[in-house]
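Protein chains in written order, with the numbering used here: chain A, 3 to 144; chain B, 256 to 603.
Notes follow the structure.
Have a look at this one:
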């Protein structure tokens, strides 16, 4: 079974801050702050806020949406099934994408579908491909 | 004179119906279809060798699971070599299609013209025709798109004669919408597959752009119109077999030889592979494709672990974080655990 766990970016940022480094060399998460001077409004803001779909009733081909991250040149989204195996991935500059990359896919079309117990996450990447923020792993079921 | 053997070797490149017809669940849905394929490969047996390449195109009508009509043409060039003779021919094969939606058969003829060079005799022009037959089955079908390999059954015939073969003719067929739209989409698909086949040096961004093109094309295919029921053999959640195979070929080098690639490049390519169904749970059903997908995933994971080891040795915390987040996202738990542990060592 997939190990449901949250990404540890906030923790990583704290680790980086303690040693003067950052989570990804520049970007909102790791701009050289330390524990006493929280990065941005605080390390929690290093996480990406996922806004859609809902955890239940997401449909078989949902559109994923999240809040933009300052300093992000691209986002990487990955969808896992209930066993923790990758079903679909996407990378691009947008802050929303439909599962399979095509909006409003009908039933008998090719491409991935959401199955019960799935989960998804988003990482924000800077222009060099370093992670600047990451979301929690969020459940999504049709 | 070895002239007939030269021609037989070339003929074997193209045609034949295996003794037992394939009986698969996948079939063309009812409707009118237009398809295209790139045919290429070689056969060999002891001192007999033949190779060729060309383009194939076909139209196909299906009603009630039966072929109501259709024609396939294959135009290309071939070379063959037997002891004491070589041949070089232009080939035009034309087959009238019949059979069922699951196993399409074709009967017709091959016209050829070219030259044969026979040792101690010289070069002679040759031309003529001989009967031809063939069959094929789809390996993936959705409402608007069917894919497979026109040469799958041909390979069985070649192997039954003791030849080793690398002949393939991966095809895509698009449901025709009675207008220019479907023809244009087929041309776009053809161009895309040709690009994938010819791509040698590529960047991660090149593959991301191709993956985006596939999304756009798939949206256009869906726009051709819905079908009334899922096609025979349709399995929800899978990608088409043609693109899966082509991307698997492209991803082999970075997965197996990661030295030349950065961790970010490997993570992006792993994502592209999963996006197009070359890796992961959307890989379509055939065992070789799934096996290759597993090998690729294992290769990328091993490559990323190698990059992680290098980052640990260099005390490179940002790269360790990149690999950690990527591993967590892609469900590579063992790699994520190692990265997590390494980070604590690098930044105690």
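We put the beta carbon where it would ideally sit given N, CA and C, even for glycine.
Keep in mind that this is a model prediction, so the values were computed, not measured.
Subject >> Cβ contact (3+ pairs, closer than 8 Å) linking the region 364 to 379 of chain B and the region 279 to 286 of chain B >> reply: Touching, no.
Original post:
Is residue 295 of chain B close to chain A, meaning its C-beta is less than 8 Å from at least one C-beta of that chain?
Top reply: Walking along the second chain from the start, residue 295 of chain B turns up at place 40. With 8 Å as the cut-off, residue 295 of chain B does not count as an interface residue toward chain A.
**OP:** Please compile the residues from chain A whose C-beta is within a distance smaller than 9 Å of the C-beta of residue 291 of chain B.
**Re:** For the purposes of this step, residue 291 of chain B is taken as the residue at position 36 of the second chain. Under the 9 Å cutoff, chain A gives no residues; its nearest Cβ is about 18 Å from residue 291 of chain B.
Original post:
Are the C-beta atoms of residue 68 of chain A and some chain B residue less than 8 Å apart?
Top reply: If you number the first chain from 1, residue 68 of chain A lands on position 66. False, the Cβ-Cβ gap to chain B never drops below 8 Å.
Original post:
Checking contacts by CB at 8 Å: is residue 39 of chain A closer than that to chain B?
Top reply: Here the question's residue 39 of chain A lines up with position 37 in the first chain. Bear in mind that the predicted position of residue 39 of chain A carries a pLDDT of just 29, short of 50, making it too unreliable to give a figure here.
**OP:** Following the continuous beta strand (DSSP E) through residue 586 of chain B, name the residue where it begins and the one where it ends.
**Re:** Along the second chain, one-based indexing puts residue 586 of chain B at 331. From DSSP, residue 586 of chain B is part of no beta strand (DSSP E); its letter is neither H nor E.
Subject >> Inter-residue Cα distance where the pair is residue 314 of chain B and residue 327 of chain B >> reply: As a working note, residue 314 of chain B is residue 59 in the second chain. As a working note, residue 327 of chain B is residue 72 in the second chain. C-alpha of residue 314 of chain B to C-alpha of residue 327 of chain B: approximately 7 Å in a straight line.
**OP:** Take residue 457 of chain B and list the residues in its own chain whose beta-carbon comes closer than 8 Å to its own, dropping the five residues that flank it on each side.
**Re:** For the purposes of this step, residue 457 of chain B is identified with residue 202 of the second chain, where counting begins at 1. 505.
**OP:** Please go through the same chain and pick out, in chain order, the residues whose beta-carbon is closer than 6 Å to the beta-carbon of residue 117 of chain A, but skip the five residues on each side of it.
**Re:** Here residue 117 of chain A is taken as the residue at index 115 of the first chain, counted from 1. Scanning its chain for C-beta atoms nearer than 6 Å, with the 5 sequence neighbours on each side dropped, one finds around residue 117 of chain A the residues 83, in chain order.
**OP:** Please determine if the region 511 to 530 of chain B and the region 304 to 324 of chain B are in contact, where contact requires at least 3 C-beta pairs separated by less than 8 Å.
**Re:** Fewer than three Cβ pairs drawn from the region 511 to 530 of chain B and the region 304 to 324 of chain B lie within less than 8 Å of each other, which leaves the two stretches out of contact.
Original post:
At which residues does the beta strand (DSSP E) containing residue 343 of chain B begin and terminate?
Top reply: Numbered from 1 along the second chain, position 88 holds the residue referred to as residue 343 of chain B. Annotation: the continuous beta strand (DSSP E) that includes residue 343 of chain B extends over 340 to 354.
Original post:
Roughly how many whole angstroms lie between the Cα atoms of residue 2 of chain A and residue 101 of chain A?
Top reply: The question about residue 2 of chain A has no answer, for chain A in this structure spans 3 to 144.
**OP:** Hey, could you find the ends of the beta strand (DSSP E) residue 425 of chain B is sitting in?
**Re:** One-based indexing of the second chain puts residue 425 of chain B at position 170. Per DSSP, residue 425 of chain B belongs to the beta strand (DSSP E) from 423 to 430.
Subject >> Collapsed DSSP secondary structure at residue 526 of chain B in the structure displayed >> reply: Residue numbering aside, residue 526 of chain B sits at position 271 when the second chain is read from its first letter. Helix.
Original post:
So, are the CB atoms of residue 495 of chain B and residue 425 of chain B less than 8 Å apart?
Top reply: Counting from one through the second chain, the residue named residue 495 of chain B turns up at place 240. Counting from one through the second chain, the residue named residue 425 of chain B turns up at place 170. With contacts defined by Cβ atoms closer than 8 Å, residue 495 of chain B and residue 425 of chain B do not form a contacting pair.
Subject >> Rounded C-alpha distance that separates residue 323 of chain B from residue 317 of chain B >> reply: By 1-based counting over the second chain, the position of residue 323 of chain B is 68. By 1-based counting over the second chain, the position of residue 317 of chain B is 62. The alpha-carbon atoms of residue 323 of chain B and residue 317 of chain B are separated by roughly 6 Å.
Original post:
Are residue 463 of chain B and residue 523 of chain B touching if we call contact CB-CB under 8 Å?
Top reply: Position 208 of the second chain, counting from 1, holds the residue named residue 463 of chain B. Position 268 of the second chain, counting from 1, holds the residue named residue 523 of chain B. Result yes, Cβ atoms of residue 463 of chain B and residue 523 of chain B sit closer than 8 Å.
Original post:
CA-CA distance, residue 419 of chain B and residue 298 of chain B?
Top reply: Looking up residue 419 of chain B in the second chain gives position 164. Looking up residue 298 of chain B in the second chain gives position 43. CA-CA distance, residue 419 of chain B to residue 298 of chain B, rounds to 6 Å.
**OP:** Check the Cβ of residue 83 of chain A against every Cβ in chain B and list those closer than 8 Å, keeping chain order.
**Re:** Against the first chain, residue 83 of chain A aligns to sequence position 81. In chain order: 536.
Original post:
Tell me which same chain residues have a C-beta within less than 7 Å of the C-beta of residue 268 of chain B, skipping the five on either side of it?
Top reply: Counting from 1 along the second chain, the entry for residue 268 of chain B is found at position 13. 298, 305, 307, 333 and 422.
**OP:** Below 8 Å on the Cβ atoms is my guess for residue 81 of chain A versus residue 89 of chain A; work out the distance and round it to an integer in Å.
**Re:** Indexing the first chain from 1 puts residue 81 of chain A at position 79. Indexing the first chain from 1 puts residue 89 of chain A at position 87. Confirmed, about 5 Å.
Original post:
Can you list, in chain order, the residues of its chain whose CB lies under 7 Å from that of residue 107 of chain A, leaving out five sequence neighbours each side?
Top reply: Here residue 107 of chain A is taken as the residue at index 105 of the first chain, counted from 1. Here the set comprises 63 and 113.
**OP:** Quickly, what does DSSP pair residue 303 of chain B with across the bridge? List them, please.
**Re:** Residue mapping note: residue 303 of chain B aligns to position 48 of the second chain, counting from 1. Paired residue(s): B:300.
Original post:
Hey, out of B:459, B:391, B:393 and B:527, whose CA is closest to residue 91 of chain A's CA?
Top reply: Here residue 91 of chain A refers to the residue found at position 89 of the first chain. Distance check between residue 91 of chain A and each of B:459, B:391, B:393 and B:527 places B:527 closest, using alpha-carbon atoms only.
Original post:
Which of the three DSSP states, helix, strand or coil, is assigned to residue 137 of chain A?
Top reply: Working through the first chain from its first residue, we reach residue 137 of chain A at position 135. Here DSSP, grouped into helix, strand and coil, assigns residue 137 of chain A to coil.
**OP:** Tell me where the alpha helix (DSSP H) around residue 507 of chain B begins and ends.
**Re:** Residue 507 of chain B sits at position 252 when you count from the first residue of the second chain. Segment 496 to 511, the alpha helix (DSSP H) holding residue 507 of chain B.
Original post:
From residue 489 of chain B to residue 281 of chain B, what distance separates their C-alpha atoms?
Top reply: Translated into positions along the second chain, residue 489 of chain B becomes position 234. Translated into positions along the second chain, residue 281 of chain B becomes position 26. Inter-residue distance for residue 489 of chain B and residue 281 of chain B is about 7 Å (C-alpha atoms, whole angstroms).
**OP:** At 3 residues or longer, and completely inside the region 548 to 583 of chain B: list those beta strand (DSSP E) runs for me, N to C.
**Re:** Taken in chain order, the region 548 to 583 of chain B contains no complete beta strand (DSSP E) segment of 3 residues or longer.
**OP:** Could you tell me the boundaries of the alpha helix (DSSP H) in which residue 71 of chain A lies?
**Re:** On the first chain, residue 71 of chain A is found 69 positions in, with the first residue counted as 1. Bounds of any alpha helix (DSSP H) do not take in residue 71 of chain A, whose DSSP letter is neither H nor E.
Original post:
What does a CB cutoff of less than 7 Å around residue 497 of chain B pick up in its chain, not counting 5 residues either side in sequence?
Top reply: Against the second chain, residue 497 of chain B aligns to sequence position 242. The residues are 402, 425, 427 and 448.
Original post:
Does the Cβ-Cβ distance between residue 445 of chain B and residue 341 of chain B come in under 8 Å?
Top reply: On the second chain, residue 445 of chain B is found 190 positions in, with the first residue counted as 1. On the second chain, residue 341 of chain B is found 86 positions in, with the first residue counted as 1. Not in contact: residue 445 of chain B and residue 341 of chain B (Cβ atoms no closer than 8 Å).
Original post:
What does DSSP give as the partner residues of residue 679 of chain B in its beta bridges?
Top reply: The question about residue 679 of chain B has no answer, for chain B in this structure spans 256 to 603.
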